[in-house]
Amino acid sequence: MNTPSLPLVKRIVQERWIGKGLLLLLMVGTLFYIGAKAVQSPQLFFQQLLNGLQLGFVYALIALGYTMIYGIVKLINFAHGDVFMVGAFVSYYAVSRFRLHLWLGSIIPNAPEALVLVIGTLTVMILSMIVCAVMAVTIERIAYKPLRNAPRISALITAIGVSFFLEYFGALPFVFTANYITYQSPFKVITWYINKGIHMMEPGTQVPPGSITFSSMFIIILVVSILLMAGLQFIVKRTKLGKAMRAVSYDKPTARLMGIKVDSIISYTFAIGASLAGAAGILYAIAYGQVSFIMGILPGLKAFVAAVLGGIGSIPGALVGALILGQVETMSSGYISTPMRDAIVFSVLILVLLVRPTGIFGEPEREKA
Amino acid sequence: MKIKFNRSTIIFLVVAIALILIVEVLYRIRPGGAPLLNEFWYTLLRKGGVIAMVAIGLNLIYGFNGQFSLGQWGFYGMGAYAAADVTFRWTQMHTANGLTILFCVLLFIGLSMYGVSVLVKRVRGLDPLSAFALYLIGVFISAYLGVLVGGALAGPVTSLLSALPGALAKQIVFFIAILLAGGVTADVSYLIGLPVLTLGSDYFGIATLGFTMIVKVLLDNSDTILGFQEMKGARGMISIPYMSSWLWIGFFLLVIVVATRNLLNSSHGRALISVREDELAAKAMGIDVTAQKLLTFVIGSLFAGIAGGLYAHIDGFLHPSTFNFIKSFDPMIIVVFGGLGSISGTVVASFGWILVLEGVLRNVLPSGFESWRYVVYPILLLLMMLLRPSGLLGGFEFPFIKAVLPSLKHKPSTPPTPDTKTAAGD
């Protein structure tokens, strides 16, 4: 059905079938390959699907910050990934140095353990979100605000500078040190496996072959990120702040004429984006069990790719892009080649941009005079 | 063609050649064993020269043509590995097959690209993606043919080069390897620039950043996925001959500076600057905007490839982490430091960057504080962006180069991205 019945050269050229054909061939080939492998071992396929979902939701939380900030100040905030890193470190210090996640237990000694952990973990998370938000607003005030009317490249270079500063300052021996640090989870992560029904995994036992495992972290990441995204959607669509944010991102001078405090709206945007990144930081650290001063670079970049993939500036786009990216990443490491994972992610980005230059949900660029 | 030598040209050439010779002589004179210019500073100077070439290429792409490219570092890495492989095969494996195969592949790819471009021009209304697909098919076929022909030529060329004195043959192979490294990056940049340049500015930046990333991953797996055993993947390529003397680097840098200056002085140069100033107006004046963008991208990447080839032969060791995408911001930072659209500023900033960051700060900071360098330089960068956003040297230019640049509508510091005027994005 895809090809016209009379393949005229002219028609092929006009409807871009050579390029499209190449991409379709590539897509069909990949899908066929993965499909064939999935039929061979459905267990591996579903396992990768779950892993991709988990990764995708973490990326989505970071990507939302990118997309909001880009939408409102047209700045690729390279420091966003490092805000994510700081969020993870704040929770690391709160949990393993200060035992903040047990504060309820030390006040009320006979409180139920589950309640203590839930409240404690939430406290840690809110703490790192607040720290990240304050940091992002500070960065915005110090570094980006004076450059609001400067050439765009100045702001971009500044963002890169801030990012390097956070990384290398974090690498100093008295800050976060330049090592990979094992992250101590505030609660015990429980793992289940699906093999003729859902079983809880006993510690020290092997998973029977042919089963799909998932952990409580998977569920927590899903629930927390969906809640946060729903909250974000509520803020953007239903509150006055959200309305102001949309107005500022649409047209700054007019928004100012309408009595919107543009500067404070931009600060709020940075704060919201950074708090999402902080939440992503703690979720990522618990799920993958490691923190380091460079942990923000690659997830940050991939989240940005996700935002671009979904159409930068669009909030549902960021979620969709991140989920696609998570799947691409896990599927390519599962089926094609683990070391080539990042290369494949970026190839997909380039291909999508070639077909839809403004991303999946992006509006076509207006012609500018 | 008449070549005019006015005073500023002569002064520039004399000073440049004198600088090249003085540094080399200072290094070669060794009273009592130790050279006057010690190895450390000599290497830093050479690295500064290499970075200057990369940055000039980027300045051409970004400063003069307004394409926000982060792919320069990927081309640099690609050139480095290509040149290193050719000379490695010659010195370690005593065969010129790297040379001949690469040469034939590049030649055939060039020919097929030319053929396809003629075809593409004849078929009107062909979209970039389809053109890209055609080019891709042509490249694969010609690369395969090139490998076959190059493999057949390897024997005769090896015996021919072996007949020459060893040192001379080595220098010849090195010189050709550097040119081939430039050829590799030029071919690749033509191929990927074709579709990617149709994207808007920020998207172009991200796509090229992705390209850098892909190159890094490929280099990480060069022994397994690409199948070049001698590149040793993530372990790093070793025993590359030390060939890049300051003479070679100075020579190539001088050639690149002069070539850039002459390019900017030509009608192509004026066209590519007009694309930065206003794309629509340039189009209305009958300038083929896409072709100008592609031309600039290819030339800029060619410079990066040459620089990479020279870099590979400084330390005799290459590691994929050198070509990490984080470092791909370095040339961008240098270009902004030196001032967008300023060749002299770029050269000065490149040497300054290497000498200050690796040389001065390493010596000035007390021991144990070396890691503070990377804390200090983002702060410097931020301060500069806040206090002097037009770059340290602003609109400064050597008279030799300044004489030929067309008078600009904007100062060189203004945003070259044609679509959005300010960070506020109004």
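As they're listed, the protein sequences go chains A and B. Residue numbering for the first sequence follows the numbering used here, beginning at 1 and increasing consecutively. Residue numbering for the second sequence follows the numbering used here, beginning at 1001 and increasing consecutively. No residue lacks a Cβ here, since even glycine has one placed at the ideal position from N, Cα and C. These numbers come from a predicted model, not from an experiment.
Using a 10 Å radius around the Cβ and a threshold of 16 neighbouring Cβ atoms, would you call residue i buried or exposed?
i: asparagine 1221(B); result: buried
i: tyrosine 1144(B); result: exposed
i: glycine 1233(B); result: buried
i: isoleucine 142(A); result: exposed
i: glycine 65(A); result: buried
i: histidine 80(A); result: buried
i: methionine 27(A); result: exposed
i: asparagine 1006(B); result: exposed
i: aspartate 251(A); result: exposed
i: histidine 1094(B); result: exposed
i: aspartate 1330(B); result: buried
i: isoleucine 1442(B); result: Residue 1442(B) falls outside the range modelled here, since chain B spans only 1001 to 1426, and no answer is possible.
i: methionine 11(A); result: Sequence check: residue 11(A) is arginine here, not methionine. Counting Cβ neighbours within 10 Å, arginine 11(A) comes out exposed, since fewer than 16 surround it.
i: lysine 1293(B); result: buried
i: proline 173(A); result: exposed
i: tyrosine 92(A); result: buried
Using DSSP bridges, identify the partner residues of residue i.
i: tyrosine 168(A); result: Its beta-bridge partners do not exist; DSSP assigns none.
i: glycine 33(A); result: Before going further, note that residue 33(A) is tyrosine rather than glycine in the sequence given. Paired residues: none, contrary to the question.
i: isoleucine 212(A); result: Ile194(A)
i: threonine 182(A); result: Gln290(A)
i: histidine 199(A); result: Tyr193(A)
i: methionine 1237(B); result: Leu1318(B)
Less than 8 Å between the beta carbons of residue i and residue j, yes or no?
i: valine 1139(B); j: serine 1162(B); result: no
i: serine 1201(B); j: phenylalanine 1325(B); result: no
i: leucine 1218(B); j: leucine 1226(B); result: yes
i: serine 1245(B); j: glutamate 1024(B); result: yes
i: glycine 1049(B); j: glycine 1250(B); result: yes
i: glycine 362(A); j: glycine 311(A); result: yes
i: isoleucine 1438(B); j: phenylalanine 1088(B); result: Within the shown structure, residues of chain B are numbered from 1001 to 1426, placing residue 1438(B) beyond reach of any answer.
i: methionine 1231(B); j: tyrosine 1081(B); result: yes
i: isoleucine 1299(B); j: leucine 1263(B); result: yes
i: alanine 255(A); j: valine 262(A); result: yes
i: isoleucine 69(A); j: phenylalanine 84(A); result: no
i: valine 1173(B); j: methionine 1078(B); result: no
i: glutamine 40(A); j: serine 96(A); result: no
i: alanine 1133(B); j: leucine 22(A); result: yes
i: arginine 16(A); j: leucine 1197(B); result: no
i: tyrosine 1203(B); j: valine 308(A); result: yes
i: glycine 1057(B); j: serine 1301(B); result: yes
i: serine 1321(B); j: tyrosine 168(A); result: no
Taking residue i as the query, report the chain B residues whose CB atoms sit under 8 Å from its CB, ordered along the chain.
i: threonine 67(A); result: Result: empty, since nearest Cβ-Cβ is about 13 Å, beyond 8 Å.
i: phenylalanine 234(A); result: Simply none; closest approach about 26 Å.
Measure how close the beta-carbons of residue i and residue j come, nearest whole angstrom, since I'm counting them as under 8 Å.
i: phenylalanine 1317(B); j: valine 1054(B); result: Not a contact, Cβ separation roughly 19 Å.
i: methionine 200(A); j: isoleucine 212(A); result: With a Cβ gap of about 14 Å, methionine 200(A) and isoleucine 212(A) do not count as contacting.
i: alanine 318(A); j: threonine 123(A); result: 27 Å between Cβ atoms; not a contact.
i: leucine 325(A); j: tyrosine 59(A); result: 6 Å
i: valine 1392(B); j: isoleucine 1333(B); result: For clarity, residue 1392(B) is leucine in the given sequence; the question names valine instead. Not a contact, Cβ separation roughly 12 Å.
i: valine 137(A); j: serine 267(A); result: 5 Å
i: isoleucine 1427(B); j: serine 1142(B); result: Past the boundaries of the shown model lies residue 1427(B); chain B is included only from 1001 to 1426, so the question cannot be answered.
i: leucine 1070(B); j: glycine 1286(B); result: Not really, about 31 Å apart at Cβ, beyond 8 Å.
Using the beta-carbon of each residue, which ones in chain A are nearer than 7 Å to residue i?
i: alanine 1133(B); result: Ile18, Gly19, Leu22
i: phenylalanine 1329(B); result: Ile160
i: valine 1054(B); result: Neighbours of valine 1054(B) on chain A: none; closest Cβ ~17 Å, over 7 Å.
i: valine 1336(B); result: Ile153, Ile157
i: aspartate 1085(B); result: Going along chain A, no residue has its Cβ under 7 Å from aspartate 1085(B), so there is no contact; the nearest lies around 20 Å.
i: aspartate 1127(B); result: Arg16, Gly19
i: valine 1298(B); result: Those do not exist, as valine 1298(B) stays about 18 Å from chain A at its closest Cβ, beyond 7 Å.
Would you mind telling me which residues of chain A sit closer than 9 Å to residue i, beta carbon to beta carbon, in chain order?
i: tyrosine 1242(B); result: Residues of chain A passing the Cβ test: none, with the nearest at roughly 30 Å.
i: methionine 1213(B); result: Leu301, Asp342, Ala343, Val345, Phe346
i: asparagine 1059(B); result: Within chain A, no residue comes near asparagine 1059(B); the closest Cβ sits about 12 Å away, beyond 9 Å.
i: serine 1371(B); result: Tyr168, Ala171, Leu172, Pro173, Ala178
i: serine 1130(B); result: Ile12, Val13, Arg16, Trp17, Ile18, Gly19, Lys20, Gly21, Leu22
Kindly list, in the order they appear in chain B, the residues whose Cβ is closer than 7 Å to that of residue i.
i: threonine 158(A); result: Leu1382, Met1385
i: phenylalanine 165(A); result: Val1375, Pro1378, Ile1379
i: leucine 353(A); result: Leu1199, Tyr1203, Ala1207
Would a check of beta-carbon distances place residue i closer than 8 Å to chain E?
i: leucine 349(A); result: Of the protein chains in this structure, namely A and B, none is chain E.
Using a C-beta to C-beta distance shorter than 9 Å, which residues of chain B count as neighbours of residue i?
i: leucine 257(A); result: Within 9 Å Cβ-Cβ: nothing; leucine 257(A) doesn't reach chain B, min ~12 Å.
i: leucine 147(A); result: Met1385, Leu1386, Pro1389, Ala1423
i: threonine 83(A); result: The question names threonine, yet the displayed sequence has valine at residue 83(A). None at all; the shortest Cβ gap to chain B is about 15 Å.
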